[in-house]
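These notes concern the structure reproduced below.
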Amino acid sequence: MGLLLVLGAVLVWPRASTPAPVVEPFLPMFGMAVLLTEGLTAHLLYTQYSVSGRPIYAALSGAYLFAAISVAVQMLAFPGVFSPTGLLGAGAQSAVWIWVFWHGGFPALVAASLALRRVFPRGSQRRGYKWLIAACLTAGAALIASAACYVAIEHVVWLPDLIAGSSYRALAENPIAIAVVCINIGTFVGLVATTRLRTMLELWLAIALLAGSVDVVLTIHAGARYSLGWYTARIAAVCASSAVLGMLLREISHLYRSLHRAHESLIQSSLRDGLTKTFNRQYFDTQYPDLLDVSANAGRPLSVLMVDIDYFKQFNDNFGHRAGDDCLRAVASALQSGLRRPWDFVARFGGEEFVVVLPNCDTSTAREVAESLRRAVEALDISAPHSPQGRVTISIGVSTSAPQGSATPGELLEEADRGLYRAKRAGRNRVEADAA
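Under my numbering, the first residue of the sequence shown carries the number 144, and numbering increases by one thereafter.
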């Protein structure tokens, strides 16, 4: 963007003083655009200060507030915008003097903000002085802007004439204009030299200062309002006012996406069992009744599998709780991997018990799924000398709701639990299924 600004200025430079069509709505539109962007930037920078506590953000917020006040008053005082001679009792020289104060004061306040970092290094600010510092910096900038505008309007006779009518060709050789140019370019060079543009804020602040320098140089070189250079300078002024705002909005958008991802991750974490990473009991208690209700209304069956690891207490006693945790994780992974449909889910019911919910699944299919899960756990071949099979196995009870049935969530779950106990009484490592 910086290269485009410089390239545009170079291309326009030879024809900068060429008269262009007078577009009367242009100035009000320009003033409103700059006022909004400067004001929003001031607000967002102050918000950054309130979060980080770094005085440089409050100081930069004051600089942008200074610019917003200046452009608002200049538009009111500018001849031909709201009245032929300007409002607020402005004189013929008032608008140009506000422009001088605006374009000289803003980079000066930015330079002061950068110098403030030496006074308040990161982490050095005391919490008790936080709001006092912010109030002094932002209110000070607002007072400076108000005082400068007051002098330019009420006491403009104290100030030397800078323009004659709508022409300001003599401004190019005026020491005041040269000082404004030097302040802009000097602040830009100083920012680049002292910071090396290590942060996004420093980079886009440098682009804003570069655009401001292009604005000042082209405005003075053009020599008259509504010339090609004057219009180009106004475009550069909009770029100067919106550069940091664009960066801040991008950062806010990135922060919002990060917060959204963190929120989604937190929700997922709150619904998952910390050990097995299956869904937890809370998720099951919330989702299972709703799914059963949907299935009943749609006239479709829903199956529930109650799963228990056989002889798990003895496994823990023989190998210790760490091995027991590894066993739980392995069994949970096998159960999850055995589910093929995206709407089926497994949840840890408690201890070594799991529950599997299979919407739109009849008894025969549920039994097949249960058998495949039993075989998957058996295939893990986790050694268990205390078990008759010599390895870890599971027992499963299956219960299925009748289409358009009236079974409650508790009744269906109790039926699956009874099936599980029948499987255990029958020797474990088996599936027992009945319809509710």
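The beta carbon of each residue, even a glycine, is placed where N, CA and C say it ideally should be.
Here the structure is a predicted model, which is why all the values come from computation and not from measurement.
Take the alpha-carbon of Gly481 and the one of Glu511: they are about 11 Å apart. Taken atom to atom, the span from the alpha-carbon of Val323 to that of Phe244 is near 9 Å. In the DSSP assignment, Glu496 forms a beta bridge with Asp451, Gly493. Of the residues Ala354, Tyr293, Leu344, Leu391, the one whose Cα lies closest to the Cα of Leu146 is Ala354. With a 10 Å radius around the Cβ and a threshold of 16 neighbouring Cβ atoms, Val359 comes out buried.
Listed as beta-bridge partners of Glu575 by DSSP are Gly540. Only residues of its own chain outside the window of five on either side were considered, and among them Ser538 have a CB closer than 6 Å to the CB of Lys567, listed in chain order. Between the C-alpha atoms of Thr190 and Leu252 there is a straight-line separation of about 19 Å. DSSP lists Ser370 as the bridge partner or partners of Pro162. Within the same chain, Cβ atoms closer than 6 Å to the Cβ of Glu345 are found at Thr338, the five residues on either side in sequence being excluded.
One thing to note: Ser204 has its Cβ within 7 Å of the Cβ of Leu188. Per DSSP, the continuous alpha helix (DSSP H) segment holding Asp468 begins and ends at 464-480. Contact annotation, Leu361 with Thr184: C-beta distance approximately 22 Å; criterion of less than 8 Å not satisfied.
Take Leu471, set aside five residues on each side of it, and the residues of its chain with a beta-carbon closer than 7 Å to its own are Leu418, Thr419, Glu495, in chain order. Distances from the CA of Asn423 to each of Val474, Val489, Ala383 were compared; the closest alpha carbon is that of Val489.
Going by beta carbons, Val474 and Glu514 fall outside the 7 Å limit. The three-state reading of DSSP puts Phe422 in strand, counting E and B together.
Contact check for Ser530 against Tyr454 passes: the beta carbons are separated by less than 7 Å. Secondary structure of Phe225 (DSSP, three-state): coil. No Cβ-Cβ contact shorter than 7 Å links Ser544 with Leu448. DSSP places Trp156 in no alpha helix (DSSP H); its state is neither H nor E. In the structure shown, the three-state DSSP call for Arg534 is strand. Counting every other CB atom within 10 Å of its CB across the protein chains shown gives Tyr293 a total below 16, marking it as exposed. Around the beta carbon of Leu275, fewer than 16 other beta carbons lie within 10 angstroms, which makes this residue exposed. With distances taken between CA atoms, Ile350 lies nearest to Cys382 out of Cys382, Arg404, Leu154.
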